[in-house]
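Structure record follows, encoded as structure tokens.
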Amino acid sequence: MTNRSKNWLIGAGIGAIIGIIGVLWFAPLTGRRLRAAIRQHYADALEQARQAGEQRRAELEAELERAQGRLSR
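This is how it looks when you write it as structure tokens:
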């Protein structure tokens, strides 16, 4: 894993934690609504992580193809 990827994952994790704490701290919601909001934020974070993973995979596959092309010359 590259340094850039590690930094992104660390930043995303810290951002998710801060977001969760903010929701819990400032949300004037009932327990049921708060749990629903937390589930939604969790689902959103998972979707963002999935999209970032797909993007990174595409970048790595393109890089691999370029490297294989250089080796075959």
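So that you can map any letter, position 61 of the sequence shown is 41 in the working numbering, and since no number is skipped, the others follow by simple counting.
Built from N, CA and C at the ideal position, the CB exists for glycine as well.
Owing to the predicted nature of the structure, the values given are computational and were not obtained by experimental measurement.
C-beta atoms of residue i and residue j nearer than 8 angstroms
| i | j | result |
| --- | --- | --- |
| A(-4) | A25 | yes |
| W(-12) | A23 | no |
| A(-8) | A16 | no |
| H21 | I0 | yes |
| I(-10) | V3 | no |
Residue i - DSSP class collapsed to helix/strand/coil
| i | result |
| --- | --- |
| R53 | coil |
Nearest to residue i (by Cα), restricted to the options the options
| i | options | result |
| --- | --- | --- |
| T(-18) | R53, F6, T10 and E39 | E39 |
| R(-16) | E43, L44, I18 and R36 | R36 |
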